[in-house]
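K.L.:
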Ligand SMILES: Nc1ncnc2c1ncn2[C@@H]1O[C@H](COP(=O)(O)OP(=O)(O)OP(=O)(O)O)[C@@H](O)[C@H]1O
Ligand SMILES: [Mg+2]
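Chains as they are written, first to last, in my numbering: chain A, 7 to 319; chain B, 61 to 328.
#1: Can you confirm whether residue 145 of chain B, when its beta carbon is compared against all beta carbons of chain A, has any partner nearer than 8 Å?
#2: Please classify residue 319 of chain A as buried or exposed, where buried requires at least 16 neighbouring CB atoms within 10 angstroms.
#3: Does the contact criterion of 3 or more C-beta pairs under 8 Å hold for the region 300-307 of chain B versus the region 280-291 of chain B?
#4: Is the Cβ of residue 159 of chain B closer than 8 Å to any Cβ of chain A?
#5: Could you check whether the Cβ of residue 177 of chain B sits closer than 8 Å to any Cβ belonging to chain A?
#6: Along the beta strand (DSSP E) that carries residue 224 of chain B, what are the first and last residues, could you check?
#7: Would you check if the distance between the CB atom of residue 206 of chain A and the CB atom of residue 174 of chain B is smaller than 8 Å?
#8: Could you tell me which chain B residues have their CB closer than 9 Å to the CB of residue 208 of chain A, listed as they occur along the chain?
#9: For residue 138 of chain B, would you say it is in contact with chain A, using Cβ-to-Cβ distances shorter than 8 Å as the test?
#10: If you measure between the beta carbons of residue 229 of chain A and residue 47 of chain A, is that distance less than 8 Å?
#11: Whose C-alpha, out of B:251, B:218, B:128, is nearest the C-alpha of residue 160 of chain B?
#12: In chain order, what are the residue ranges of uninterrupted alpha helix (DSSP H) at least 4 long that sit wholly in the region 190-269 of chain B?
#13: Counting C-beta neighbours from all protein chains within 10 Å, is the total for residue 149 of chain A 16 or more, i.e. buried, or is it exposed?
#14: Taking the C-alpha atoms as reference points, what is the distance between residue 34 of chain A and residue 278 of chain A?
#15: Is the Cβ of residue 155 of chain B closer than 8 Å to any Cβ of chain A?
#16: Measuring only between beta-carbons, confirm whether residue 164 of chain B sits less than 8 Å from chain A.
#17: Within the chosen definition, does the region 195-213 of chain A reach the region 126-143 of chain A through at least 3 CB pairs nearer than 8 Å?
#18: Quick check for students: name the residue ranges of the alpha helix (DSSP H) that lie wholly in the region 226-266 of chain A, counting only runs of 4 or more.
#19: Anything in the region 75-106 of chain A with a Cβ closer than 8 Å to a Cβ of chain B? List those residues in chain order, please.
#20: Across which residues does DSSP place residue 83 of chain A in a beta bridge pair?
#21: Let me check understanding here. Comparing Cα to Cα, which of B:140, B:197, B:163 lies closest to residue 233 of chain B?
#22: Name all residues in chain order for which at least one heavy atom of ligand 1 lies closer than 5 Å to the residue's CB.
#23: Which residue wins for smallest C-alpha separation from residue 296 of chain B, given the options B:74, B:75, B:96, B:145?
#24: Check whether chain A comes within 8 Å of residue 282 of chain B, counting only Cβ atoms and requiring the distance to be less than that.
#25: Does any C-beta atom of chain A lie closer than 8 Å to the C-beta of residue 244 of chain B?
#26: Along chain A, in chain order, which residues have C-beta atoms closer than 7 Å to that of residue 189 of chain B?
#27: Could you list the residues in the region 67-93 of chain B with a C-beta less than 9 Å from some C-beta on chain A, going in chain order?
#28: Measure the C-alpha to C-alpha separation of residue 197 of chain B and residue 239 of chain B and round it to an integer number of angstroms.
#29: Under the criterion of a Cβ to heavy atom distance below 7 Å, does residue 316 of chain B qualify as lining ligand 2?
#30: Give a yes or no on contact between the region 47-59 of chain A and the region 253-272 of chain A, applying the rule of three or more CB pairs nearer than 8 Å.
#31: Scan the region 189-207 of chain A for residues whose Cβ lies nearer than 7 Å to a Cβ of chain B and list them as they occur along the chain.
#32: So, is the C-beta of residue 202 of chain B closer than 8 Å to a C-beta in chain A?
#33: Cβ atoms of residue 149 of chain B and residue 195 of chain B: under 8 Å apart, would you say?
#34: Sort out for me which residues DSSP pairs residue 83 of chain B with in a bridge.
#35: Taking just the CA atoms, how far does residue 16 of chain A sit from residue 299 of chain A?
#36: Assuming residue 134 of chain B and residue 78 of chain B make a contact with CB atoms under 8 Å, what is their CB distance in whole Å?
Structure below.
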């Protein structure tokens with residue numbers, strides 16, 4: 007009885023009596039959600055452009071963060087380390103095209119997926135080989151102070167807010183890039199029909215390098231935000247897997263789906279933790295996203311924005 | 061069907077493409093068997109033949125989807141049987157497909173804009189942006205795309221995702237995408253298949269207008285004989301991958317081998 011009360015009654019009473027706490031949770035949730043959206047966008051762009059589920063996205067986050075930290079440990083100033091790391095991520099996308107994608111044209115999805123698993127190990131290995139495997143502190147100078155809103159009724163953190171703003175800017179730029187620019191149009195064309203795209207003279211190679219570069223930059227940003235919070239360590243590669251439920255929610259091929267899916271999961275897990283966490287003994291955050299994704303798989307497998315899949319018989 | 065199109069208005073010019081002894085096999089199937097022919101500037105050349113004769117395979121070799129195992133193809137003096145598809149596009153070859161290959165999720169306008177892809181000369185870096193020189197260039201190409209849309213009379217569906225359009229209109233949009241590239245050589249794989257009489261009539265008119273107004277060389281695959289006889293300057297007949305006949309529509313019509321092939325007389 008008490009348990010049921012804690013699940014079905016108490017949280018809603020709390021929300022009603024202290025709406026500022028709810029607002030705070032939602033804001034914090036949005037700021038984490040933006041990062042999920044960003045990483046999910048990295049997945050979606052690659053999936054659309056090459057039909058490839060990029061298992062290595064998480065490893066790319068780790069690799070980017072390790073490179074950045076490594077350079078800073080060697081004494082490079084933040085701006086230089088950032089530029090060089092970006093350069094490394096661009097070089098990585100060229101390498102991926104040159105050594106991997108080019109040989110996998112027209113292969114089945116599963117084979118492409120296996121190739122990205124391979125890439126995953128290469129990146130994890132290379133990152134640790136170069137920069138060692140102990141946990142490293144990352145601080146690129148984003149201020150980390152408590153921040154009062156509405157006379158302290160809502161408590162946020164400057165770091166979260168900054169990260170959210172940067173993430174939001176990137177997400178919006180990516181959406182504009184995809185929908186409005188010539189390059190974005192070419193990319194959508196490739197996603198829609200490879201052959202037709204080739205016949206109008208869209209070079210696949212350029213498109214691939216572009217999406218992998220975008221995924222690399224996205225990985226770098228995620229690596230900085232998450233790495234600053236919890237230290238740069240192996241588990242960074244796993245946070246990226248949080249994007250998986252986002253993809254199930256948003257649909258693998260939908261740009262708006264990735265954005266909104268990320269926000270829903272971010273907000274959902276913070277609110278769930280805040281109100282239902284005590285009833286379950288905490289740490290709901292860690293599995294909430296997956297439960298939500300499971301529910302979606304059962305009731306709406308095409309995702310929020312996917313077209314309804316009707317099997318042709 | 062429009063009557064009596066002849067080559068009078070256009071000057072059929074020099075040879076711009078030479079196909080020499082091209083052979084292509086898929087496993088045991090010989091899709092093309094020692095096929096040779098020339099294509100002359102500004103002409104409308106029809107390729108006809110029964111199902112499975114190798115017509116589409118021929119177009120696929122020309123624009124680099126397939127690479128023939130034997131023989132060679134020269135286009136504007138360059139060898140192109142080993143070239144890649146997007147290079148064909150760069151050399152001014154545009155095409156449509158037998159099974160419409162449009163970007164189904166994108167609007168008519170966007171589809172046609174992809175045809176302008178190669179005309180966008182600004183550096184790729186700019187293409188990724190939505191301001192400055194990129195925006196200006198985008199607007200110029202938009203104007204060009206609108207011309208194509210006017211030409212094909214598809215203003216009403218500019219913003220419609222092409223996946224929702226009826227078949228006949230999709231074929232027209234696909235032609236539009238090819239035209240947007242301002243090609244020198246246009247490959248049309250059964251542009252009228254599955255169309256009703258009026259739609260066919262329109263399509264014939266567009267094809268003739270393109271040829272007349274822009275001097276575009278056209279290679280056309282078509283099953284409707286009345287259309288073929290009406291609009292083509294020359295006809296090539298394929299059967300079981302071999303070239304059976306070549307000549308003006310009248311010459312081909314009277315050719316006994318061709319009549320046999322079409323009536324299904326058994327091969328020895
Ligand atoms: N990619 C391919 N793989 C295997 N066989 C192929 C391939 N493309 C064509 N073929 C075979 O080559 C032969 C010629 O096919 P093609 O499509 O060129 O014929 P077509 O003249 O265009 O016929 P249709 O009028 O039906 O379109 C057929 O036997 C076909 O099965
Ligand atoms: Mg065919």
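For each residue, glycine too, the CB sits at the ideal point set by N, CA and C. Here the structure is a predicted model, which means the values were calculated and not measured.
P.N.:
In this structure, then:
#1: At least one CB atom of chain A sits nearer than 8 Å to the CB of residue 145 of chain B.
#2: Here residue 319 of chain A scores only 49 on pLDDT, less than 50, and its place in the model is too uncertain to base an answer on.
#3: Proximity of the region 300-307 of chain B to the region 280-291 of chain B falls short of the contact definition, fewer than three beta-carbon pairs being nearer than 8 Å.
#4: It does not: the Cβ of residue 159 of chain B has no partner Cβ on chain A nearer than 8 Å.
#5: Chain A contact via Cβ: present.
#6: Counting along the chain, residue 224 of chain B falls outside any beta strand (DSSP E), and DSSP gives it neither H nor E.
#7: Their beta carbons are under 8 Å apart, which means residue 206 of chain A touches residue 174 of chain B by this criterion.
#8: Among the residues of chain B, those whose CB is under 9 Å from the CB of residue 208 of chain A are 146, 149, 174, 177, 178, following chain order.
#9: For residue 138 of chain B, the answer is no, since every Cβ of chain A falls outside 8 Å of its Cβ.
#10: No, they are not a contact pair.
#11: Distance check between residue 160 of chain B and each of B:251, B:218, B:128 places B:251 closest, using alpha-carbon atoms only.
#12: Listed in chain order, they are 193-211, 227-240.
#13: Residue environment: residue 149 of chain A is assigned as exposed (fewer than 16 neighbouring CB atoms within 10 Å of its CB, all protein chains considered).
#14: In a straight line, the C-alpha of residue 34 of chain A is about 12 Å away from that of residue 278 of chain A.
#15: Chain A contact via Cβ: present.
#16: Interface residue, yes.
#17: When Cβ pairs closer than 8 Å are counted between the two stretches, the region 195-213 of chain A is seen not to touch the region 126-143 of chain A, the count staying below three.
#18: Counting whole runs of 4 or more residues, the region 226-266 of chain A contains the alpha helix (DSSP H) stretches 242-245, 249-256.
#19: Within the region 75-106 of chain A, no residue has a Cβ that lies closer than 8 Å to any Cβ of chain B.
#20: In DSSP, residue 83 of chain A forms no bridge with anything.
#21: Ranking the options by Cα distance to residue 233 of chain B, first place goes to B:163.
#22: Residues flagged by the Cβ proximity filter: B:86, B:89, B:91, B:111, B:112, B:113, B:114, B:115, B:116, B:117.
#23: Closest by C-alpha distance to residue 296 of chain B, out of B:74, B:75, B:96, B:145, is B:96.
#24: Taking 8 Å as the threshold, the shortest C-beta distance from residue 282 of chain B to chain A does not fall below it.
#25: No, its Cβ sits nowhere closer than 8 Å to a Cβ of chain A.
#26: The contact set of residue 189 of chain B on chain A, defined by CB atoms closer than 7 Å, consists of 187 in chain order.
#27: Of all residues in the region 67-93 of chain B, none has a Cβ within less than 9 Å of some Cβ in chain A.
#28: Near 19 Å, if we compare the C-alpha coordinates of residue 239 of chain B and residue 197 of chain B.
#29: No, the beta carbon of residue 316 of chain B sits no closer than 7 Å to any heavy atom of ligand 2.
#30: Segments in contact, yes.
#31: Taking 7 Å as the cut-off between beta carbons, the residues of the region 189-207 of chain A near chain B are 189, 191, 192, 194, 195, 198, 199, 201, 202, 204, 205, 206, 207, in sequence order.
#32: So, not an interface residue.
#33: Against a cut-off of 8 Å, the Cβ pair of residue 149 of chain B and residue 195 of chain B comes out as no contact.
#34: Answer is B:130, bridged to residue 83 of chain B.
#35: Near 25 Å, if we compare the C-alpha coordinates of residue 16 of chain A and residue 299 of chain A.
#36: That belief holds up - the Cβ atoms of residue 134 of chain B and residue 78 of chain B are roughly 4 Å apart, short of 8 Å.
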